[in-house]
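Inspection log for the structure reproduced underneath, given as structure tokens.
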Ligand code: ADP
Ligand code: ZN
């Protein structure tokens, strides 16, 4: 977006002449420009820019017949004979390169692997705030002109003029600051400039950025238990190792993984190197940040609520090597650390590590590629590893370290199931009798309660019992959810909303029904049944205000809130010792989605939320309400048995060739006109099938078929799935289709390599 605006900011100068090939080697910069069909372009480097133009820097280059100046990234510099006339680089906007050679290579790898434009990856790796130099303002700095000292000696200068030169001898200054230090007005300065004794240079100076919270008192490390010591030793091996390796740290919730990360990072930092810690955005809680700040002092925290200026400030700090530890969400994998020694990726199974817009990269795989390129270890941690990582460990590509017990021998909580098929008729609300009794008991005992329901809103669908009409989004293939706060019916995909209808819009029947339970309805029920207990709801609707999340967690920590209920937002990472009961309102919400990872997601969610209890001396228990207590994912979660879940699930994946067995690319074609989109999808599928015809066995191309969400935001959607043992063959086929299948106006398609979102 910024680039587009910039296009118009630069007035095009007179068209630069094409420099004809001279037969002599010339310095040529190859650059990446944002365009539809991307090609690398060559430009001559004029002599005066020789020292400034290097791989990884931004340049401005004239483009097209109008020679409008556009920003581009220099990816290569060579001295060679040009085979045709070239235009010249116009200028270099930054005072230093933005990407080093390794980062440049990494972005190239991402572009190739994820089938996206290199330019788009570069724009992702360098945050917008950095590109716009947010938080800096243009300024003119004054310095003594070359030879000013000798010249001045030969001239009769006033005392004030001498004071000005003396002040400047200490270093460049802005005019107002110079006047202040020299104790004069602007007159003497102007005079010296006109005499040629003072030169001016344009530069950018930082405006104030809110300083990071002051470093806390440094806390000392905890005494590690035996399995933590073993895990730390493995990381130390990897740090010393040649080649260094990837470690999968499979530790149950509360086994003390974070303490292992911290002590491993301490080793890295004490040897003068930097570390990057990647966590899901949702776990970037004050609690997590505080744990790192209290040990390391200078920690750069990169989250999505930073202003552009703050992001730029951190980026510069990191690039200068001024901070040793970077903690951040997905995009922190691109942190420009000059002396990286270790990458840690916590909760490695989390789907938020995958970006759902181009470039559709997965931070885990990018971290893996970066760690390999830099020759440093990568530590992946989770209580519920992704089957991809688990399989890599089984194949010996990752080193598996298990931490099967909680710290200080605290037991994992007992998990019981409540079969909703038996409960249904007896109770009308969302809470079964057993769960309600357990809440009463937990509250009476002074404990706190967490209730998980992975559905926002009040009622999850609005349907007329008389004619069967159900309220749907006119733009999406999705039922509208009733939100009671402002009495609207809301689409959770496109935010379309209408007032909730009092009567059926189709047959006018007065008894239209709001059914299904969302977090708002659960909140109302919990408040009604436990009027003395303070209740707090946490979901995207209630947590919109900045700081709401940390305020809510602080209230829960203090015990001001006794029952915390919400969506998966509350399922992860929280460590509250007084939580003695976790209730899962409906474990099946994700179980029957048309997604080959549905079982894995369900297992992860139930296991993770169960892990929120039993962290203190009072212990804890978990009650899981479900219609399918015997489902392997739910049965394994109740036993905290990851290995059993993986052992049951992997053969199913293998039988169908799903990841982690073989690769997958998902193509989604969308357009306002359904027939045009389908025709385009058929063309793509045909092309892909033809180019894969001679390829290895085991390749399947499925579709086009309507996507599970067949309409979203007014667009019809069709999907094509490619499966096969050879990722490269699939990629080549899709890249070929990109080049040769024309998509008609109004139809777009995306290719998602290693897709996570299957809807
Ligand atoms: P995980 O990341 O595996 O869920 P944490 O690192 O959050 O586990 O540890 C859980 C709790 O145990 C935290 O409160 C932490 O401070 C504490 N803890 C971790 N290691 C130790 C240890 N060696 N001795 C005592 N307490 C520990
Ligand atoms: Zn919609």
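Numbering (my numbering), first residue to last: 91 to 849. For every residue, glycine included, the Cβ atom is placed at its ideal position computed from N, Cα and C. These numbers come from a predicted model, not from an experiment.
Asked, Found
"Whole-number beta carbon distance between residue 133 and residue 843, since they are thought to touch under 8 Å", "Between residue 133 and residue 843 the Cβ distance is about 31 Å, and since that is not below 8 Å, they are no contact."
"Whole beta strand (DSSP E) elements within the stretch 670–725, 3-residue minimum", "711–716"
"heavy atom of the ligand ADP below 8 Å from residue 347 C-beta", "yes"
"Opening and closing residue of the alpha helix (DSSP H) in which residue 553 lies", "Here residue 553 belongs to no alpha helix (DSSP H); instead the beta strand (DSSP E) covers 551–553."
"Nearest to residue 386 (by Cα), restricted to the options 365, 395, 202 and 405", "365"
"Distance, residue 258 Cα to residue 285 Cα", "15 Å"
"Cα-Cα separation between residue 683 and residue 142, rounded to whole angstroms", "54 Å"
"For residue 415 and residue 388, the rounded distance between their alpha carbons", "7 Å"
"Assigned exposure category for residue 429 - 16 Cβ within 10 Å defines buried", "exposed"
"For residue 163 and residue 211, the rounded distance between their alpha carbons", "11 Å"
"Collapsed DSSP secondary structure at residue 738 in the structure displayed", "helix"
"Same chain, Cβ closer than 7 Å to residue 860, five either side skipped, listed in chain order", "Residue 860 lies beyond the residue range present for the chain, which begins at 91 and ends at 849; the question has no answer from this structure."
"Sub-9 Å separation of residue 431 and residue 329 beta-carbons", "yes"
"Inter-residue Cα distance where the pair is residue 433 and residue 145", "25 Å"
"Residue 722 versus residue 413 - alpha carbon distance", "46 Å"
"Three-pair Cβ contact test at 8 Å for the stretch 748–757 versus the stretch 542–556", "no"
"Other residues of its chain near residue 98: CB distance less than 7 Å, five sequence neighbours each side excluded", "Annotation note: pLDDT 34 at residue 98 (below 50); position unreliable, no value reported."
"The ligand ADP heavy atom lying under 8 Å from the CB of residue 763", "no"
"Cβ contact (3+ pairs, closer than 8 Å) linking the stretch 331–348 and the stretch 463–478", "yes"
"For residue 273 and residue 248, the rounded distance between their alpha carbons", "13 Å"
"Contact the stretch 595–605 vs the stretch 626–638: 3+ CB pairs below 8 Å", "no"
"Residue of 699, 764, 232 and 646 minimising C-alpha distance to residue 835", "764"
"Host alpha helix (DSSP H) of residue 777 (start-end)", "764–782"
"Residue 368: first and last residue of the uninterrupted alpha helix (DSSP H) it sits in", "Segment 364–368 is the beta strand (DSSP E) holding residue 368; no alpha helix (DSSP H) there."
"Residue 492, enclosing alpha helix (DSSP H) - first and last residue", "Careful: residue 492 lies outside any alpha helix (DSSP H), inside the beta strand (DSSP E) at 488–493."
"Residue interval of the beta strand (DSSP E) (run including residue 469)", "468–472"
"For residue 411: DSSP bridge partner residues", "None; residue 411 has no bridge partner."
"Which of helix, strand or coil DSSP assigns to residue 214", "helix"
"Residue 732 to residue 147 span [Cα, whole Å]", "46 Å"
"For residue 284, three-class secondary structure by DSSP", "helix"
"Outcome for residue 576 when other beta-carbon atoms lying within 10 angstroms are tallied against a minimum of 16", "exposed"
"Closer than 8 Å: residue 701 CB and nearest the ligand ADP heavy atom", "yes"
"Proximity to residue 403 [Cα-Cα], best of 218, 814 and 513", "218"
"Residues that residue 234 bridges to, as DSSP identifies them", "288"
"Distance cut-off 8 Å: residue 668 Cβ against heavy atoms of the ligand ADP", "no"
"Local conformation of residue 573 per DSSP, three classes", "strand"
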